[in-house]
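Engineer: Numbering (this note's numbering), first residue to last: 9 to 319. I have a structure here, written as structure tokens, and I will follow up with some questions on it.
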């Protein structure tokens, strides 16, 4: 089985967590890329030899200091530029610019990788540094302490170096054809950035699993052992409260449909549906989460954008 992880941030360092709008026109991409970071002295003196996807031996003169965010392509990719909102599969090595010490790195395993969403608010420097980089590239990103801090966080004193291999990118949201809503189910309206807004009927929740297709994709149908890249919002039917949402942090998630960690309700919502689809699912308590994120008797509403698979 392929091993994937989701990148997260803790104590200002990357931590790998084990977990088995349409991209836009060319004109929109060009406009967005006008603000992409460019190379500077700090990023241009980083050496990281090796093929994309293999663990590099990173070297640079220390201390390496920058007051801004810089990016240099060490290996040019042949893919499209990644846009804000797109999940990517990557390998990364993160180092302290002051002394060159390694802070974190991904697994660099064959057919592996880690999932990160460009625009994720928990890693602002990495998000900005990857914007408009080409799929297939190895890039060196050097971020000032200020650029590396999240909103409300007191910046540290060291610049941070990221050497990132961009292996694959997914669409930023479900792009299938709109389908007619089903009477009696919650209605979903999509914001310009793709975030779903859900209106829940003033009636009792269904007593059984119910789902409908909001957008019908044209990709392959998901199978029971697929590892799925998705964006998701879950809501408690009774309280109307959002239980969880990848849209809050501009992130995404992985569902390993063959794993016991994925609830039966999510599996039923996804298996058999096409990549590119957006699914509305009403999941009764017996099939819903059991990890304390919602009360044990809660009926949950899921809106899931199916962006692709990594298996």
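Glycine is no exception: its CB is placed at the ideal position from the N, C-alpha and C atoms.
Please go through the same chain and pick out, in chain order, the residues whose beta-carbon is closer than 8 Å to the beta-carbon of residue 296, but skip the five residues on each side of it.
Structural biologist: Taking the chain shown and counting its residues from 1, the one referred to as residue 296 is at position 288. Excluding sequence neighbours, residue 296 sits near 271, 273, 302, 306, 307, 308.
Engineer: Determine the DSSP secondary structure at residue 155, reduced to helix, strand or coil.
Structural biologist: To locate residue 155, count along the chain shown from 1; it is residue 147. Correct three-state label for residue 155: helix.
Engineer: Would you mind sorting residue 165 into buried or exposed? The rule is 16 or more other CB atoms within 10 Å of its CB.
Structural biologist: Taking the chain shown and counting its residues from 1, one reaches residue 165 at position 157. Classification of residue 165: exposed, given that the 10 Å Cβ count is below 16.
Engineer: Is it buried or exposed, residue 59, if we count other Cβ atoms within 10 angstroms and call 16 or more buried?
Structural biologist: Along the chain shown, read from residue 1 onward, the residue named residue 59 stands at position 51. It is exposed - the Cβ of residue 59 has fewer than 16 other Cβ atoms within 10 Å.
Engineer: Can you give the beta carbon distance from residue 93 to residue 181, rounded, assuming they're within the 8 Å contact cut?
Structural biologist: By one-based count along the chain shown, residue 93 stands at place 85. By one-based count along the chain shown, residue 181 stands at place 173. Yes, they are in contact, since the Cβ atoms of residue 93 and residue 181 sit about 7 Å apart, within 8 Å.
Engineer: I'd like to check one pair, residue 193 with residue 220: are the Cβ atoms closer than 7 Å?
Structural biologist: Residue mapping note: residue 220 aligns to position 212 of the chain shown, counting from 1. Residue mapping note: residue 193 aligns to position 185 of the chain shown, counting from 1. Cβ atoms of residue 220 and residue 193: closer than 7 Å.
Engineer: Is DSSP giving residue 282 helix, strand or coil here?
Structural biologist: Walking along the chain shown from the start, residue 282 turns up at place 274. In the structure shown, residue 282 sits in a strand (DSSP, three-state: E or B).
Engineer: Pick out whichever of 130, 304, 249, 230 has its Cα sitting closest to the Cα of residue 275.
Structural biologist: The residue you call residue 275 lines up with position 267 of the chain shown. Nearest C-alpha to residue 275: 230.
Engineer: Tell me whether the beta-carbon of residue 51 lies closer than 7 Å to the beta-carbon of residue 148.
Structural biologist: Residue numbering aside, residue 51 sits at position 43 when the chain shown is read from its first letter. Residue numbering aside, residue 148 sits at position 140 when the chain shown is read from its first letter. Yes. Within cutoff.
Engineer: Please name the residue, chosen from 105, 89, 266, 53, that lies closest to residue 73 on a Cα-to-Cα basis.
Structural biologist: Position 65 of the chain shown holds residue 73. Residue 105 is the option with its Cα nearest to residue 73.
Engineer: Is residue 326 helix, strand or coil by DSSP?
Structural biologist: This structure does not reach residue 326, given that the chain is present from 9 up to 319, and the question cannot be answered.
Engineer: Looking only at its chain, what residues have a beta carbon closer than 8 Å to the beta carbon of residue 208, apart from the 5 residues adjacent to it on each side?
Structural biologist: Reading the chain shown from its first residue, position 200 is the one you call residue 208. If we look at residue 208 and ignore the five residues flanking it on each side, its Cβ neighbours are 194, 243, 245, 248, 309.
Engineer: Pick helix, strand or coil for residue 58, following the three-state DSSP scheme.
Structural biologist: As a first step, residue 58 is located in the chain shown; it is residue number 50 there, counting from the start. In this structure, residue 58 counts as coil in the three-state DSSP scheme.
Engineer: Looking at the structure shown, is residue 294 part of a helix, part of a strand, or coil, going by DSSP?
Structural biologist: On the chain shown, residue 294 is found 286 positions in, with the first residue counted as 1. It is helical.
Engineer: So for residue 17, helix, strand or coil by DSSP?
Structural biologist: Translated into the one-based positions of the chain shown, residue 17 becomes position 9. Since pLDDT at residue 17 reaches only 36, below the 50 mark, its modelled position is unreliable, and the value read off the structure follows with that caveat. Strand.
Engineer: Does the Cβ-Cβ distance between residue 224 and residue 184 come in under 7 Å?
Structural biologist: Residue numbering aside, residue 224 sits at position 216 when the chain shown is read from its first letter. Residue numbering aside, residue 184 sits at position 176 when the chain shown is read from its first letter. Yes, the pair counts as a contact, with Cβ atoms nearer than the cut-off.
Engineer: Starting from residue 104, trace the beta strand (DSSP E) in both directions and tell me its first and last residue.
Structural biologist: One-based indexing of the chain shown puts residue 104 at position 96. It spans 95 to 104 - the beta strand (DSSP E) in which residue 104 sits, taken as one unbroken run.
Engineer: Would a C-beta distance cut-off of 7 Å place residue 1 and residue 69 closer than the cut-off?
Structural biologist: Residue 1 is absent from the structure shown; the chain starts at 9 and stops at 319.
Engineer: Can you give the Cα-Cα distance for residue 188 and residue 196, rounded to whole angstroms?
Structural biologist: On the chain shown, position 180 is the one that residue 188 refers to. On the chain shown, position 188 is the one that residue 196 refers to. So the two alpha carbons sit approximately 11 Å from each other.
Engineer: With a 10 Å radius around its C-beta and 16 neighbouring C-beta atoms as the bar for buried, classify residue 35 as buried or exposed.
Structural biologist: Here residue 35 refers to the residue found at position 27 when the chain shown is read from its first residue. Note on residue 35: pLDDT 38, under 50, position unreliable in the model; no value is reported.
Engineer: Can you tell me whether residue 153 is buried or exposed? The criterion is at least 16 other CB atoms within 10 Å of its CB, across all chains shown.
Structural biologist: Here residue 153 refers to the residue found at position 145 of the chain shown. With 16 or more other Cβ atoms within 10 Å, it is buried.
Engineer: Who does residue 67 pair with in a DSSP beta bridge?
Structural biologist: Numbered from its first residue, the chain shown carries residue 67 at position 59. Answer by DSSP bridge pairing, in chain order: 55.
Engineer: Would you kindly work out how many angstroms separate the C-alpha atoms of residue 228 and residue 284, rounded to a whole number?
Structural biologist: Working through the chain shown from its first residue, we reach residue 228 at position 220. Working through the chain shown from its first residue, we reach residue 284 at position 276. Those two C-alpha atoms are separated by around 9 Å.
Engineer: What number of angstroms, rounded off, separates the C-alpha of residue 168 from the C-alpha of residue 151?
Structural biologist: As a working note, residue 168 is residue 160 in the chain shown. As a working note, residue 151 is residue 143 in the chain shown. If I take the Cα positions, the gap works out to 5 Å.
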